[in-house]
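In my numbering, the protein residues as written are 128 to 333.
Think of the CB as a built atom: it goes at the ideal place given N, C-alpha and C, for glycine as much as any other residue.
Owing to the predicted nature of the structure, the values given are computational and were not obtained by experimental measurement.
First comes the structure, then the notes that go with it.
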């Protein structure tokens, strides 16, 4: 069993829905957790730190850059990250008074990619919130239209192009998913309007 480092906000109810935050590349578990106090108290919130240490922050898997600035990721390294998060979900749900069949994955950027990769095939994950990320086309899309998906993206995002989020929506639609897709006049970030929309979506799911 790998070791895990995380922050948590305990729910006010027993057998609470679990919200797992997955931060972005070069960040840490404190980033998304900074707005945990705004999330409805019925949620048991946990923000997990990625295992790969960088010069600044952490990553779920390496991003390789070519001389022409093209980026690519290794399927094997991506799978290690998927296995890491999946192991954490098993570990945490056994240890805490949470509903193991009602897990929401909330990821930003690389964490959003990982949320898709873990959440699509995991029956215990009932919802995915992907902020400023995209769905890797290599992910096998199981037909499960009941899985709720929230997608938000900035139209001025220079890190993960807005068009990649649009393509993610199209891929999901083809398999019968009906994601909520919100776009904002922002870059690679989550502005206040975006955050309020996310909180409202989480509230409706209770």
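If you keep only unbroken alpha helix (DSSP H) runs of at least 4 residues inside the region 164-222, you get 202-222.
By the 16-neighbour rule on beta-carbons within 10 angstroms, residue 330 is exposed. Within the same chain, Cβ atoms closer than 6 Å to the Cβ of residue 286 are found at 315, the five residues on either side in sequence being excluded.
Secondary structure within the region 268-298: not one fully enclosed alpha helix (DSSP H) run of 4 or more consecutive residues is present.
Straight through space, the alpha carbons of residue 159 and residue 132 are spaced by roughly 14 Å.
Within its own chain, no residue has a Cβ closer than 6 Å to the Cβ of residue 274 once the five positions on either side in sequence are excluded. Residue 133: member of the beta strand (DSSP E) spanning 133-136, first to last residue.
Our two residues, residue 189 and residue 247, have alpha carbons roughly 22 Å apart in a direct line. Beyond the five residues adjoining it in sequence on each side, residue 153 comes within less than 8 Å, by CB distance, of 181, 183, 184, 185, 186 in the same chain, given in chain order.
Between the C-alpha atoms of residue 176 and residue 296 there is a straight-line separation of about 27 Å. Taking residue 269 as the centre and dropping the five residues before and after it, the same chain places the C-beta of 247, 248 closer than 7 Å to its C-beta, in chain order.
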